[in-house]
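Peer 1: For reference, the structure I am asking about is given below.
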Amino acid sequence: AGATVPTFVEREFRFPVGPTMLRGRWDRVDIRGGEVVIIDFKSTDVRAQADADRRAKDSDQLAIYTLAYKEVFGRLPDRVELHFLGTQVVVGRARKTEAELNRTREMILHAASGIRAQQFIATPDPYRACPYCAFNQICPFTAAAE
4 AGATVPTFVE REFRFPVGPT MLRGRWDRVD IRGGEVVIID FKSTDVRAQA DADRRAKDSD
64 QLAIYTLAYK EVFGRLPDRV ELHFLGTQVV VGRARKTEAE LNRTREMILH AASGIRAQQF
124 IATPDPYRAC PYCAFNQICP FTAAAE
């Protein structure tokens, strides 16, 4: 058996959540025998399977990707995976539910409302997001300038 050929790689998506247009990009989407799997790659070194699965289950990013897939293609993906590419590849797996997607919508609406009202307190992480953020030159909370 050969390796799975990805259906989408770095595929962009956009969809409305209330008055907010959400844009993003899936790292990879595989459709394997009718089963849809959204895959996100992480450079973090995770070694324990339980930790990898917990991170996949708790991932807001994967919840947003799941919501995006449902909005764009009209169905939930069957599974989401985090592929941790540390010293060894460990794959965390989870399934997202409609209840989780409802919470994700609420989270997006709340964050967007706060941003529009300029009541959004950023929590910068200098080693992760700030250096790559498009707003790091104007953000009063940026850790990228340090």
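If you want the numbering used here, it's the 1-based position in the sequence shown plus 3. Virtual Cβ for every residue (Gly too), placed ideally from N, Cα, C.
Starting from D30, trace the alpha helix (DSSP H) in both directions and tell me its first and last residue.
Peer 2: Start at 1 with the first residue of the sequence shown, and residue 30 comes out as number 27. Taken as a continuous stretch (DSSP letters only), D30 belongs to no alpha helix (DSSP H), being part of the beta strand (DSSP E) at T23 to R35.
Peer 1: From V118 to A102, what does the alpha carbon distance come to, in whole angstroms?
Peer 2: In the sequence shown, counting from the first residue as 1, residue 118 sits at position 115. In the sequence shown, counting from the first residue as 1, residue 102 sits at position 99. Note on identity: in this sequence residue 118 is Ile, with Val being the wrong assignment. The straight-line gap from Cα to Cα measures roughly 25 Å.
Peer 1: Hey, A59 and L85: beta-carbon distance below 9 Å or not?
Peer 2: Residue numbering aside, residue 59 sits at position 56 when the sequence shown is read from its first letter. Residue numbering aside, residue 85 sits at position 82 when the sequence shown is read from its first letter. Contact: yes.
Peer 1: Measure the alpha-carbon distance for R14 versus S62 and round it to whole angstroms.
Peer 2: One-based indexing of the sequence shown puts residue 14 at position 11. One-based indexing of the sequence shown puts residue 62 at position 59. If I take the Cα positions, the gap works out to 19 Å.
Peer 1: To the nearest angstrom, report how far apart V12 and V94 are at their CA atoms.
Peer 2: As a first step, residue 12 must be located in the sequence shown, where it is residue number 9. As a first step, residue 94 must be located in the sequence shown, where it is residue number 91. When rounded, the distance between both Cα atoms is 18 Å.
Peer 1: Between the alpha carbons of R35 and P9, how many angstroms are there, rounded?
Peer 2: Looking up residue 35 in the sequence shown gives position 32. Looking up residue 9 in the sequence shown gives position 6. Spanning the two alpha carbons is a distance of roughly 9 Å.
Peer 1: Taking only the alpha-carbon atoms, compute the straight-line gap between K99 and Y68 and give it to the nearest angstrom.
Peer 2: If you number the sequence shown from 1, residue 99 lands on position 96. If you number the sequence shown from 1, residue 68 lands on position 65. Taking the straight line joining both Cα atoms gives about 10 Å.
Peer 1: Output the distance between the C-alpha atoms of L112 and L25, rounded to the nearest integer angstrom.
Peer 2: On the sequence shown, residue 112 is found 109 positions in, with the first residue counted as 1. On the sequence shown, residue 25 is found 22 positions in, with the first residue counted as 1. Whole-angstrom Cα-Cα distance: 10 Å.
Peer 1: Kindly indicate the opening and closing residues of the alpha helix (DSSP H) around R106.
Peer 2: Here residue 106 refers to the residue found at position 103 of the sequence shown. Per DSSP, R106 belongs to the alpha helix (DSSP H) from E101 to R119.
Peer 1: So, under 8 Å CB-CB, R108 and V20 are touching, yes? Tell me the CB distance rounded to an integer number of Å.
Peer 2: Stepping through the sequence shown from its first residue, residue 108 is reached at position 105. Stepping through the sequence shown from its first residue, residue 20 is reached at position 17. That belief holds up - the Cβ atoms of R108 and V20 are roughly 6 Å apart, short of 8 Å.
Peer 1: Quick one: Cα of V40 to Cα of P80, how far?
Peer 2: Against the sequence shown, residue 40 aligns to sequence position 37. Against the sequence shown, residue 80 aligns to sequence position 77. Distance between the alpha carbons of V40 and P80: 6 Å.
Peer 1: Hey, would you say F18 sits closer than 9 Å to L70, going by beta carbons?
Peer 2: Locating residue 18 in the sequence shown gives position 15, counting from the first residue. Locating residue 70 in the sequence shown gives position 67, counting from the first residue. Cβ atoms of F18 and L70: closer than 9 Å.
Peer 1: Using only CA atoms, which one of R28, F16, V75 and I42 lies nearest to T7?
Peer 2: Taking the first residue of the sequence shown as 1, we reach residue 7 at position 4. Among R28, F16, V75 and I42, the Cα nearest to that of T7 belongs to I42.
Peer 1: Let me know the secondary structure DSSP gives I141 once reduced to three states.
Peer 2: Within the sequence shown, numbered from 1, the residue matching residue 141 stands at position 138. I141 falls in the coil class under three-state DSSP.
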